[in-house]
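Have a look at the structure below before the remarks.
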Amino acid sequence: MNIGEIGAVLRRRWYVMAPLTLCGVLAGAQLYQSVPVSYQSQSSVALLDSAAVAQLAPAFGNPIANAGGSLVVTADVLIRTLSGADAARDLHGLGVTDPYTVGFAANASGPMLTLTVTGTNRAKVLKETSLLTDFAGEQLNALQAAAKVQPAYFVQTAPVVLPQTPKPQLKTRYQQVLAVLIAGLVAGFTASFVLESMLAGRRRRREAAEAAAGRPPRACAGGRATASWTPPPCSPAIWGWPSSSPRT
Numbered sequence: 001m002n003i004g005e006i007g008a009v010l011r012r013r014w015y016v017m018a019p020l021t022l023c024g025v026l027a028g029a030q031l032y033q034s035v036p037v038s039y040q041s042q043s044s045v046a047l048l049d050s051a052a053v054a055q056l057a058p059a060f061g062n063p064i065a066n067a068g069g070s071l072v073v074t075a076d077v078l079i080r081t082l083s084g085a086d087a088a089r090d091l092h093g094l095g096v097t098d099p100y101t102v103g104f105a106a107n108a109s110g111p112m113l114t115l116t117v118t119g120t121n122r123a124k125v126l127k128e129t130s131l132l133t134d135f136a137g138e139q140l141n142a143l144q145a146a147a148k149v150q151p152a153y154f155v156q157t158a159p160v161v162l163p164q165t166p167k168p169q170l171k172t173r174y175q176q177v178l179a180v181l182i183a184g185l186v187a188g189f190t191a192s193f194v195l196e197s198m199l200a201g202r203r204r205r206r207e208a209a210e211a212a213a214g215r216p217p218r219a220c221a222g223g224r225a226t227a228s229w230t231p232p233p234c235s236p237a238i239w240g241w242p243s244s245s246p247r248t
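And the structure:
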């Protein structure tokens, strides 16, 4: 089936294609109006050695110079802790009710974490990102205190990127609307060809039945007979001649 035949089918079955496509457009417009815009804010923190450890070589008092090794393991423990159910419950009590994620910063080779909050209220998202950033440092201190680490040897969190102004996430919204539009087009296209196939099958069965009964087939929409038919031979009686007596 080429493009011309496909177009012909869609033109013949426009009463199927048009309503389903229109339903898809209306559903997409309704989705665009009803789904609120999502906003996302991020912050980044780095884990630094304690002041006591940083005095030793090779840091010599610079905690940023020794950002690796065991600190990466500490960062992994902190990420898993913040992603747990207990931390989520504590954050909910602090007012962080929107979804959040915690993970290693992209393209970072050291113990650097990215904290992300996504919600529909711009001001609330920014506040929740600040709360999550502060909670990460408090949770790290609580883990070390539970392990009975001396305060002088506590690993510290240092903000690298402060909570950013929430940005609208329009891509997801557009993707949802586009998915609804495509679903309407596909439904109309599929229904048109299913109906065309059903009607063609019914027409072929009718033609076969008429051919078997010896009746001339009905003309199709184009005015042409759908099957060949040969009339019976003419009887002499038609012309008024008796069939049993010769012509004088």
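For the sequence shown, position 187 matches number 187 in our numbering, and the numbering has no gaps at all. Every residue gets a Cβ at the ideal spot worked out from N, C-alpha and C, and that includes glycine. Computed from a predicted structure; not experimentally measured.
Scanning D49, S192 and A191 for the CA closest to the CA of Q144 turns up D49. Burial check for R13: the Cβ neighbour count within 10 Å reaches 16 or more, so the residue is buried. Between the segment 134–148 and the segment 103–111 there are fewer than three inter-stretch CB-CB distances shorter than 8 Å, so the stretches are not counted as touching. The continuous beta strand (DSSP E) containing T157 extends over residues Q156 to V161.
The three-state reading of DSSP puts S197 in helix, counting H, G and I together. With a threshold of 16 other beta carbon atoms within 10 Å, M198 falls short and is exposed.
A contact between stretches requires three or more CB pairs, one per stretch, nearer than 8 Å, and the segment 168–180 meets this requirement with the segment 24–40. Counted as a single uninterrupted DSSP element, the beta strand (DSSP E) harbouring T116 occupies residues M112 to G119.
Spatial neighbours of V161 in its own chain (CB-CB distance under 6 Å, excluding positions within 5 residues in sequence) are listed in chain order as S43 and S44.
Between the alpha carbons of T97 and F193 lies a gap of roughly 48 Å.
Within 10 angstroms of the beta-carbon of L26 lie fewer than 16 other beta-carbons, which makes it exposed. Taking the Cα positions, E196 is about 36 Å away from T172.
Comparing C-alpha distances from L113 to each of E128, P99, T74 and K124 shows the shortest one belongs to T74. A check of alpha carbon separations from L126 across G137, L185, P111 and P99 identifies P99 as the nearest.
Taking C-beta atoms under 8 Å as the contact rule, A183 and G84 fail to qualify, at a distance of about 38 Å. Closest by C-alpha distance to Y32, out of A187, A200, Q176 and R204, is Q176.
Judged by beta-carbon spacing, L185 lies beyond the 9 Å limit of A136, meaning their Cβ atoms are not closer than that value.
With respect to the C-alpha of L132, the residue from F154, Y153 and P159 having the closest C-alpha is P159.
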